[in-house]
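Engineer:
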Amino acid sequence: MNKSISTLTNNDASVDLVNLLSNENQDLKNEIKLLREKNINITHSVADLNSKIEELESEKQSLKTALKILYADLETAEGNMQSLTDKHEAQQHPWITVSGKSKGHPINLELNNNNKYSALHVEDDTEIVIDSDETKASVNSAGSRNKYFPHHTPKTKTTRKLQDPKPRSTTSAQQRKIAILGDSMIKGINSRKLQHGLKQKVIVKTFPGAHVEDMTHYVKPTLASNPAEVIVHIGTNDLKNKSPSPLLKTVDNLGEMITESKDVKLTLSEIITRCDDETLADKVNIYNELLANLCTERNWGLIKNSNIKKEHLNNYGLHLNPRGSTVLAKNFKLYVSNQNRLNVNTQNLMMQEPIRNSGAVSTDNQSKLYPKLKGFSIAQLNITSLTKHIDELRILITEMNFDILCINETRIDKTIKNSEIGLQGYDLTRRDRNRRGGGVAIYIRNTIPYVERSTIIPENVEAVCIEVRKPNAKPILISTWYRPPNSNSEILDSFEIFLQNIDTENKEIIITGDFNIDLMPSETENSKAKRLKELLNTYQLSQLIKKPTRTTESTKTLLDLIICKTDDPKTATTDVVELGISDHNLVYTCRKVGICKQKPKIIETRQYHKLNNAKFQNDLKQALLHINEHSDPNTALQEWNRIFLLIADINAPIRLRKVRSDRQPWMTDEIKKLSFHRDYLKKKAVMLNSSAFHSSYKKCKNKVTKLISNAKTHYFRTNLENSKNCKENWIHINKLLNHKTVKTQTINNIKFGDQNITGDINIANTINNYFVEIGPKLASVISPTDIDPIQPIQPCRSEFNLRTITTTELIQTIGKTNLNKAPGLDKIPIKLIKLAGDAIHDSLLHIFNLVLGTGIFPDDLKLAKIIPIHKEGDKAECGNYRPISVIPTVAKILEKIIYDQLSSYINDNDIICKQQFGFRPNHSTETALLKCTDQWLLNMDKGMANGVLFLDLKKAFDTVDHSILLQKLYQYGIKGTPLKLLASYLNNRKQVCVINNNKSGQETVQCGVPQGSNLGPLLFSLYINDLPMCLEYTQASMFADDTNLSCTGRTPAEIEHKLNADLSNVNDWLEANRLTLNTDKTEFMIIASKRKLNQFRTDIQVTTCGATGGN
């Protein structure tokens, strides 16, 4: 039973399969029948077309025959005209000769042919007489010959010579026409006015209401005439029904069809935004951006029409008004003119003569390359290696003085100092990765008050943030970010955390950076671009840059961004600048914010060109005769200063002079001009998408790099070879390393407790008070001790005596004084003293000998000008400045005289310990380092390890206790009048702090020795001279206040014991001498062979004053 059911089921399935196959077979037969019918129809159509072709060929032959007949008639007309001409010449008939438009060129006969075939050309070498304006009439009435005879048409008399109708050459692109095709937007363009000044004929054809697909048919007759270039303005009518992306595909197909012939160049014109439909505006913007990318990929030309605004449209907003048509025509003409210059003179754009050729940038054209910056300017540049391009950046900053300059891809590490990558007049904050990639930095003009905000930056991202603070204004947070190209989305997560952090602060926000996310308008955005835009929308931020920031010959991308709050009313201008420094363009924004700009540096100089030296010396000699009558050094010097300044001001008046910013010494005009030319070539390469300009730009860029390298090499090699001593060598080395650029004296604000001090005079008073009080404050926190600071010193058996000086010694001391030394508050420069010569020798000799004999150091010579020099850290912190004392010039001469006598006594009696390498003859940092390394290596050869402790003292020179110093001087044999003189030198010293040419009030210095003087370092060396005597296990090596203690040992425990024991001894000595150890900067290290270091895996703990350190 089951078997029967199974058989029946199989039979039913077979029947269904057969029926299905039969139906499919019948359908296939029907389709074959339809295809055959279509084939028959196509065959008939082909036959009809063939018959039409035969008819047209027949018509062509008929036209050729008619043409030959016409030529025969014209030949007859030639003979008749020649005979009549001879006859009239014989009768001296007054002929009027009118030149034709051909100006003597052969005339090419072309018949207008309205079918799809090209015009016919005559192959016979027939001589004809015909005007281009008369061609049509001559064909219509070949037998009407009177029009060829001037005397039969009295109103217009012409004579023409029959010539061979050879066709003009069409091989040159300049002799072929330019065809402009488009919709009704171009109907107002006059082709004759457009081609004025061009070397090519221009035709304009308008197709009102045309779509892109229609243009594929309309363009064929124009292509048949073999134009040099086709400019197409189309697409406005399509955007109503199509989105930008499908429309672009249609335009791409049209362009491919036009450029099938390699001889035709295609240029596309941007769509103009109409006002009849507001929804089209966004579509037009997106389409134009996509069109620019398409033209770049296809190597087609692009005409930008962004300068056509709403006022250029007619009342209906559909078409251009006369003004708009004029602007559009100018856009077309400017583009064609640039292309002609490029084609005609390509070789001039190469780098054979970049400075003199027409393409080079003159000083007048620099403003076109570099925009004028108004307001508070912030710029962003991906520089791809800061060390490689720092010299080019220094050239750029002289032309574009940005207030804030953000740099991405610095490619530096901590081994690169700020001074090596510094810019004149700018502070620098940075975050490094390594030399292979990444890294960010911000240059801040040193007149702008700011603080670093590193705490709001998430970890593991490449970003820095600063807060610009202006009194009575909202602070501005400025941050720059760099996102590596292949990084994951975690950086955007960190970016969101950063936005959350700053969103809670009521501050203005400006974020720049290379996010490596292309934000060019596109139909298909990637996930990162969408995420970034969502973040900006969430926190109500806007991205200001709309143009590509990285452009190559084949791509255009928008990677470098400037982000601020949406609808920020303070944003004035935002733009992109093509620079040749990097493959990225510079982007910038200017804001309507009042920021203190860089004040010009003003110095006082004397007008030496007005100085009559003989008169000057004679006036001084007569006026200073009575100085020798004074017996008090103070009154004598006061009178001397008064007379000298009075006569100096008469003979060499003081004037104020602005000082320009320091220029790199190796910089030449050729380098600057070539740099401008490089940027000009890149701008043109981007604008025209020209391979010729790209090639020229790359060559020029390489030449600029090579020229800078050669100029620096030549300058520094020459100066180093001509240096007379080690000091001059270091001057040039510091210039090479740019060490002086970070030493800025511009101070905008200073913190004093909870107050923020502004104003130059207020800042000067605050800093001056800080410097005066630092010594007593540090001494006040030192615990009292029973240790006698004088006890370790053995009294010297000899005694120091001052002797009076001779005129020869005075002349020698004045002659050795450096002319570059700055004058003090007395405004008497050393140059003027040297020019005074013999006129002041007797008076100065009398004053100096009074000082040496009475032991009274004049009060006027103890008034110092203090210049605060920023070391590192926050510029608003007084503790981050080091005071430099500038004493009067006369004081320098007198101190040098005392120094020479005191130094000779100290050296003769071996008072300075052997461990001191500073301020001693034949001793230097090199000799100190050599001695230390030799001893360390010797210990290592013995199988020992070296433990080295590097000590740092807080404000060492400023905290010297005067009473302790005088007691030590007494122990060293300096007694009586010499000790009285040095006590007078130290006591009642006053100082004035100068900030931006503004002076503080005078403050009395209670402790310390003046830095920048002759006697100060020598007195400090004597003050710490007994430090090595307190050591038991270590050896000291000192250079002024820099000291290291070295010990040897075979085990970690041994070295640890020795270092801790002597560090405790040093701490006791410092307390007794009222000095303070800076535990934050005191370090130690183990120096040994690799094998020995393996035994020192246990940390060594060194402890002092509650601070503990481990190796």
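Under the numbering used here, the residues of the sequence shown are numbered 1 to 1111, in order.
All C-beta atoms, glycine included, are put in the ideal place defined by N, C-alpha and C.
1. Name the DSSP bridge partner or partners of W481?
2. Looking only at its chain, what residues have a beta carbon closer than 6 Å to the beta carbon of R989, apart from the 5 residues adjacent to it on each side?
3. So, does the region 773–782 touch the region 884–901, judging by three or more C-beta pairs under 8 Å?
4. By the 10 Å Cβ neighbour count, where 16 or more other Cβ atoms means buried, how is H319 classified, buried or exposed?
5. Use the C-beta contact count for H93: other C-beta atoms within 10 angstroms, 16 or more gives buried, fewer gives exposed.
6. Which complete beta strand (DSSP E) runs does the region 604–633 hold, if anything under 3 residues is left out?
7. Measure the CB-CB distance between W1069 and I790 and report whether it falls below 9 Å.
8. So Q915 and M1038 are supposed to be a Cβ contact under 8 Å. How far apart are they, rounded?
9. Which word fits Q755, buried or exposed, when buried means at least 16 other C-beta atoms lie within 10 angstroms of its C-beta?
10. In terms of residues, what are the limits of the beta strand (DSSP E) holding M1038?
11. Buried or exposed for K265, going by 16 or more other Cβ atoms inside 10 Å?
12. Helix, strand or coil for T1048 per DSSP?
13. Just list the residues that DSSP pairs T538 with in beta bridges.
14. Are the CB atoms of S419 and D403 within a distance shorter than 9 Å?
15. Just list the residues that DSSP pairs D427 with in beta bridges.
16. Is there contact here, the region 631–644 with the region 825–844, by at least three beta-carbon pairs under 8 Å?
17. Which class does H841 belong to by DSSP, given the choice of helix, strand or coil?
18. Leaving out five residues on either side along the sequence, give the residues of the same chain with a beta carbon under 7 Å from the beta carbon of K310.
19. With which residues is F800 paired in a DSSP beta bridge?
20. Out of L291, M944, Q1002 and N1073, state which residue places its alpha-carbon closest to the alpha-carbon of A1088.
21. Within a Cβ cutoff of 7 Å, which residues of the same chain sit near T977, ignoring the five residues on either side of it in sequence?
22. Pick from I906, G973, K931 and T1048: whose alpha carbon is nearest that of K942?
23. What did DSSP end up calling G1016 once you bin it into helix, strand or coil?
24. Cβ atoms of F498 and I457: under 9 Å apart, would you say?
25. Would C1030 and D961 qualify as a contact pair, given that the criterion is a beta-carbon distance under 9 Å?
26. May I ask you to report which of helix, strand or coil DSSP gives C590?
27. DSSP state of H233, grouped into three classes?
28. Do N585 and T480 have their C-beta atoms closer together than 9 Å?
29. What three-state label does DSSP hand M1085 in the structure shown?
30. How about K474 and E508: are their beta carbons less than 9 Å apart?
31. Is I757 closer than 9 Å to T766 when the C-beta atoms are compared?
32. Give every residue of the same chain whose Cβ lies closer than 8 Å to the Cβ of L1077, excluding the five residues on either side of it in the sequence, and list them in chain order.
33. Using the Cα positions of N50 and L17, report the straight-line distance between them to the nearest angstrom.
34. Along the chain, where does the alpha helix (DSSP H) that runs through P246 open and close?
35. For G235 and S690, I'd like the C-alpha separation in whole angstroms.
Structural biologist: Put simply:
1. A463 and G513
2. K862 and V1005
3. Taking 8 Å as the limit for Cβ pairs, the verdict is that the region 884–901 does not touch the region 773–782.
4. buried
5. A caution first: H93 carries a pLDDT of 42, below 50, which makes its placement in the model too unreliable to give a value.
6. none
7. no
8. 5 Å
9. exposed
10. Q1035 to F1039
11. buried
12. strand
13. According to DSSP, which records beta bridges pairwise, T538 is partnered with nothing at all.
14. No, Cβ-Cβ distance for D403 and S419 is not below 9 Å.
15. Looking at the DSSP assignment, D427 forms a beta bridge with I444.
16. Touching, yes.
17. helix
18. C275
19. Note: F800 sits in a beta bridge opposite I974.
20. M944
21. L802 and G855
22. T1048
23. In the structure shown, the three-state DSSP call for G1016 is helix.
24. yes
25. no
26. strand
27. strand
28. no
29. strand
30. yes
31. yes
32. Result list for L1077: L951, D952, L953, K954, V1066, N1067, L1070, T1104 and C1105, in chain order.
33. 49 Å
34. P244 to I258
35. 25 Å
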